[in-house]
Amino acid sequence: MRVAIGVLMAGGLAGAVLAAQGGWAASPEAVAEASAGQPGFNYEESRVPPYTLPDVLGQGPNRVTSREQWPARRAAILELFREHVYGRRPGRPDSLDFEVIETNGKALDGAAALQRVAVVSRHRGREHRFETILFVPNGRSGQVPVFLLLNNRPPSNTDPTRATKSPFWPVEEMIGRGYAIAALQVGDLAPDNAKTFTEGVIRLFEGDAQQRPANAWMALAAWGWGASRVLDYLETHPRIDASRVAVVGHSRGGKAALWAGAEDERFALVISNDSGEGGAALARRDFGETIERINSVFPHWFADNYARFNGRPHDLPVDQHMLLALVAPRALYVASASDDLWADPRGEFLSLAHTSPVFALWGDRVIAPDDMPPVDTPLIVGRRGYHIRTGGHDLTTYDWMQFANFADQLGWN
Ligand code: GTR
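Just so you know, my numbering puts 1427 at position 382 of the sequence shown, and the rest follows in order with no gaps.
Listed below in structure tokens is the structure:
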């Protein structure tokens, strides 16, 4: 039996919007498995309490009614996320250089050109370097679009020798689709542990400073900062179309990819895979992981200010649909997995749906809350795409092929 949940949009919109459930419903097996795996959290749709989302277009006389008014609203929302959620990241370092580590014009049996490049930042007498790996298809002439992965898994997933091939970064398949594909290793920017502040790019900018403000940048913001520096490099690459760069991330990498796309409007396509809490999923929707849990287990991911909302998501001045809306009018793709209830697939979809008032400013059709598709049935509406894949928390070749399909539809190929 399907249950309708009431979602009241604050301000602007008259009355309550009833959000019926769409095509997908979690299987009882997935609910049982999630409950056993991470007990003490809600995985029952019928137990999600009603919630009120902030109106993405704003309230009162300043409520946005035209696309010309969006940039000011966008800037205000971005500031709220910097202050309360992800922290404030710096701009470019004092100097930035790109050093070629390796080139091979005939990689993949001649199908692609491989480049490994060190991105070298110098700032206040300190130096930081990290590597990016790039494959560009030889079978396509001219400048080509590229997908940049923020790799949060071991480097073997982005093996430049291709001795190891991982579906997490399916080079051969993406090259076959005519797209370039790149990666960076997130831990090279900021270790995914307590050393976040003492190694990596936060140290590059702040040295050994002990006191950090409660809105200081943390690991997720540092990873996205790295994506922007790779984009700086891609802008110099003769074979890359820098106006068509997609930033992609899975899970914690997906949270970082969304924030990278918010902070850097040069990314033309932003892709979140299973990003969940603090990513695409609505914070106010009590399902799966919570703000309190994420801040206690991963205190180095978000600005310290975010912990003020532990157990109080309703007091946040934003919700994650507003993060997704920051991508407009660029392209946005959100992917979920049917057994990944910890990440709240429906909350990820609803977040995307609630960006509709913003994308509608550019004429895109509304994605309604009850438009959630069944598994393995991608939904593409103008500049936005969504799918929920059968299976668990992972980034797979299926997911990548949907990203490529979406890019094709955007006219990238
Ligand atoms: C989990 C975390 C999630 C997600 C995941 C991952 O433990 O609770 O928010 O980020 O890790 O990155 O795989």
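A virtual CB, placed ideally from N, CA and C, is assigned to each residue, including glycine. In this text, all values refer to a predicted model and were calculated from it rather than measured experimentally.
Open item on the list: DSSP three-state label for residue 1385, please.
Closed with: Correct three-state label for residue 1385: coil.
- [ ] Following the continuous alpha helix (DSSP H) through residue 1448, name the residue where it begins and the one where it ends.
- [x] Counting along the chain, residue 1448 sits inside the alpha helix (DSSP H) bounded by residues 1442-1454.
Task: Touching by the beta-carbon criterion (3+ pairs, under 8 Å), the stretch 1356-1366 and the stretch 1274-1285 - done: The stretch 1356-1366 and the stretch 1274-1285 do not touch, with fewer than 3 CB-CB distances between them shorter than 8 Å.
Open item on the list: Does the structure place the stretch 1384-1396 close enough to the stretch 1078-1091 that three or more beta carbon pairs sit under 8 Å?
Closed with: By the Cβ rule, the stretch 1078-1091 counts as touching the stretch 1384-1396, because three or more pairs are nearer than 8 Å.
Task: Residue range of the alpha helix (DSSP H) that includes residue 1190 - done: Where residue 1190 is concerned, there is no enclosing alpha helix (DSSP H), although the beta strand (DSSP E) it sits in stretches over 1189-1196.
Task: Secondary structure, alpha helix (DSSP H): runs of 4+ residues fully inside the stretch 1342-1408 - done: Within the stretch 1342-1408, the complete alpha helix (DSSP H) runs of at least 4 residues are 1365-1370, 1390-1398, 1401-1404.
- [ ] State the start and end residues of the unbroken beta strand (DSSP E) segment that holds residue 1166.
- [x] Following the DSSP letters along the chain, one finds residue 1166 inside the beta strand (DSSP E) bounded by residues 1157-1168.
Task: Contacting residues, own chain, Cβ-Cβ under 8 Å from residue 1093 (five flanking each side not counted) - done: For residue 1093, where only same-chain residues beyond five positions count, the Cβ hits under 8 Å are 1050, 1087, 1330, 1331, 1332.
Task: Endpoints, the alpha helix (DSSP H) within which residue 1079 is located - done: Annotation for residue 1079: the continuous alpha helix (DSSP H) segment containing it runs 1073-1082.
TODO: Just grab the DSSP bridge partners of residue 1182 for me.
DONE: Beta-bridge pairing links residue 1182 to 1157.
Open item on the list: The alpha helix (DSSP H) that contains residue 1096, what's its start and end?
Closed with: From DSSP, residue 1096 is part of no alpha helix (DSSP H) but of the beta strand (DSSP E) over 1096-1098.
Open item on the list: Could you check whether the Cβ of residue 1035 sits closer than 6 Å to any heavy atom belonging to ligand 1?
Closed with: With the chain represented from 1046 up to 1458, any question about residue 1035 goes unanswered, as that position is not in the structure.
TODO: Could you tell me whether the stretch 1347-1355 touches the stretch 1256-1273, where touching means 3 or more Cβ pairs closer than 8 Å?
DONE: Verdict: yes, contact present.
TODO: Give me the Cβ distance between residue 1235 and residue 1268, rounded to the nearest whole Å; I'm assuming they're in contact under 8 Å.
DONE: Approximately 6 Å separates the beta-carbon atoms of residue 1235 and residue 1268; this is inside 8 Å, confirming the contact.
Task: Length at least 4, wholly inside the stretch 1201-1243: the alpha helix (DSSP H) runs in chain order - done: Entirely contained in the stretch 1201-1243, the alpha helix (DSSP H) runs reaching 4 residues are, in chain order, 1216-1221, 1231-1234.
Task: Per DSSP, the bridge partner or partners of residue 1142 - done: Bridge partners of residue 1142 according to DSSP: 1165.
TODO: Enumerate in chain order the residues of its own chain whose CB-to-CB distance from residue 1174 is below 7 Å, with the five nearest sequence positions on each side excluded.
DONE: Excluding sequence positions up to five before and after residue 1174, its CB lies within less than 7 Å of the CB of 1163, 1164, 1165, all in the same chain and listed in chain order.
Task: Given residue 1465 as reference, the closest of 1291, 1099, 1220 once Cα atoms are compared - done: One cannot answer for residue 1465 here, as it falls past the ends of the chain, which runs 1046 to 1458.
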